[in-house]
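Some notes on the structure that comes next.
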Amino acid sequence: MNNKFREHIENDEPELEEEIEVKVKKKEPSTENLFFKKLFTEGVVSKEAATEMLPFLIFLSVLCMLYIANSHMAVKNIRNIDKLNKEVKELSWEYKSLKADLMFKSKLTEVAKKVDTLGIKELIEPPKKIIINSNEY
Numbered sequence: 166m167n168n169k170f171r172e173h174i175e176n177d178e179p180e181l182e183e184e185i186e187v188k189v190k191k192k193e194p195s196t197e198n199l200f201f202k203k204l205f206t207e208g209v210v211s212k213e214a215a216t217e218m219l220p221f222l223i224f225l226s227v228l229c230m231l232y233i234a235n236s237h238m239a240v241k242n243i244r245n246i247d248k249l250n251k252e253v254k255e256l257s258w259e260y261k262s263l264k265a266d267l268m269f270k271s272k273l274t275e276v277a278k279k280v281d282t283l284g285i286k287e288l289i290e291p292p293k294k295i296i297i298n299s300n301e302y
C-alpha cells in the first residue's frame, strides 16, 4: 500500500524529513508515569491489608444501610403526619358545618315548620306550673 501523500512530501521537501526524524526520539519515562504505573500494577492496598479492613468495611456498609432506612422511615412518618393533619382539618370543617345545621334546625320556628306537617301546633298560652303538696301524694 502506497502513501501518495507521503511520497509527495518526500519528493518536495527532503529537509522536513530530517526534522521529523530528530523530533521522533524515544521518550524516557518521567516520574509521573512511574507513579501511575506503580499504582496500577502493584496496587495501593495489598491483599493482606484488604482482608484486615474487611470487618470495618462491613460495619460501615451496615451503618450506611441503617442510615438510609432511617431516612426512608422519617420521610414515611412525615407523609403520614401530613395526611392525618389534612384529615383532621376536613373532619373539623365537617363538624363545624353539622353543628351550624343543627343549631339552625333546632330553632323554634324551624321546629314548628317541621312539626306542622304532623298536625302538632305551637302553644299560644304559656305553660302552667303544676304544684303538688306533700300530703296529697
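Numbering-wise (our numbering), the sequence shown opens with residue 166 and increments by one. By construction, the Cβ of each residue, glycine as well, lies at the ideal position given by its N, Cα and C atoms.
(message) Suppose you measure from the CA of residue 284 to the CA of residue 274; what does that come to, to the nearest Å?
(response) Cα to Cα, the separation comes out at about 15 Å.
(request) May I have the straight-line CA-CA distance separating residue 288 from residue 265, to the nearest angstrom? (result) Approximately 26 Å between the Cα atoms of the pair.
(request) Name the two residues that bound the continuous alpha helix (DSSP H) containing residue 222. (result) For residue 222, the enclosing alpha helix (DSSP H) covers residues 212-270.
(message) I want to check one thing, is the minimum distance from the CB of residue 275 to the heavy atoms of the ligand SAM below 7 Å?
(response) This structure does not include the ligand SAM; it has no bound ligands of any sort.
(request) Work out the CA separation of residue 255 and residue 276 for me, nearest whole Å. (result) Taking the straight line joining both Cα atoms gives about 29 Å.
(request) In the DSSP assignment, find the alpha helix (DSSP H) that holds residue 274 and state where it starts and stops. (result) From DSSP, the alpha helix (DSSP H) with residue 274 extends over 273-281.
(request) Whole angstroms is fine: what's the gap from residue 229's alpha carbon to residue 241's? (result) For residue 229 and residue 241, the distance between alpha carbons rounds to 18 Å.
(message) Just to confirm my understanding: we take residue 290, look at its own chain, exclude 5 residues before and 5 after, and list those with CB closer than 6 Å. What are they?
(response) Sequence-distant Cβ neighbours of residue 290 in its own chain, meaning closer than 6 Å and more than five residues away, do not exist here.
(request) Note down the Cα distance separating residue 281 from residue 251, rounded to an integer number of angstroms. (result) Residue 281 and residue 251: Cα-Cα distance of roughly 42 Å.
(message) Rounded to the nearest angstrom, what separates residue 259 and residue 239 at their Cα positions?
(response) Here the C-alpha atom of residue 259 lies approximately 30 Å from the C-alpha atom of residue 239.
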